[in-house]
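Taking it in order: structure first as structure tokens, then the write-up.
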Amino acid sequence: MKKFNQLLIIFITLFFVSQASAQTGTITVEVSDINDPKGLISIGVYSNEEGFPDKGKEYKGMDVKVTGKTIACTFKDVVFGTYAIGIFHDTNSNLKFDKNFFGIPTEGYAFSNNVFGVMGTPPDFKDASFQLGGDKTIKIKMEY
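Residue numbers (the numbering used here): 27 to 170.
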């Protein structure tokens with residue numbers, strides 16, 4: 027029983043030490059050049075290239091109602107590391123990134139570092155990525 031109590035104390039201590047060591051910051055995203063003040067801006071923060079920039083595969087995500095040419099939102103408690111941001115302007119509020127028959131986007135989109143892929147394709151994660159080591163503001167311009 028004494029050995030069990032010692033192990034329990036060790037595990038509890040390790041748990042709290044590991045929780046305290048995970049440093050976090052905030053990411054504030056400022057989106058500009060929104061061409062139509064209707065619908066939603068869907069913002070995803072991605073922690074790796076797997077799933078980037080698909081909605082539903084983000085580390086953290088948020089849908090913000092559009093009321094003007096710019097919006098801002100803040101993601102709190104983001105663990106320090108490497109991230110990329112993908113955004114689309116969901117003008118019809120169907121929570122999907124709409125494309126035409128040929129796969130070309132029919133809604134506005136943007137990425138961190140203001141990078142774009144070729145002919146409507148997303149950029150590589152590494153091109154859109156940035157390091158978070160504290161609080162950070164990312165400014166992104168929409169493309170239509």
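Each residue gets a CB set at the ideal place from its N, CA and C atoms; glycine is no exception. Since we're looking at a predicted model, the values are computed, not measured.
DSSP bridge partner residues for residue i (one or two, in chain order)
i, result
"Pro148", "Paired residues: none, contrary to the question."
"Gln157", "Thr108"
Residue burial classification, residue i (beta-carbon count within 10 angstroms, cutoff 16)
i, result
"Ser58", "exposed"
"Thr132", "exposed"
"Val71", "buried"
"Ala48", "exposed"
"Phe37", "The predicted model places Phe37 with a pLDDT of 48, which falls under 50 and marks its position as unreliable, so this point remains unresolved."
Within 7 Å, strictly: CB atoms of residue i and residue j
i, j, result
"Gly51", "Leu158", "yes"
"Val56", "Lys152", "For the record, residue 56 in the displayed sequence is Glu; it is not Val. Going by C-beta atoms, Glu56 is not nearer than 7 Å to Lys152."
"Gly65", "Thr117", "yes"
"Phe114", "Phe123", "yes"
For residue j and residue i, believed in contact at Cβ under 8 Å, the rounded distance
i, j, result
"Phe142", "Pro149", "6 Å"
"Ile69", "Val90", "7 Å"
"Glu169", "Tyr135", "6 Å"
"Thr54", "Ala110", "Thr54 to Ala110, Cβ: 16 Å. No contact."
- Message: Which runs of the beta strand (DSSP E) at least 3 residues long sit entirely within the segment 60-145? Give them in chain order.
- Response: 66-72, 86-91, 97-105, 107-116, 135-137
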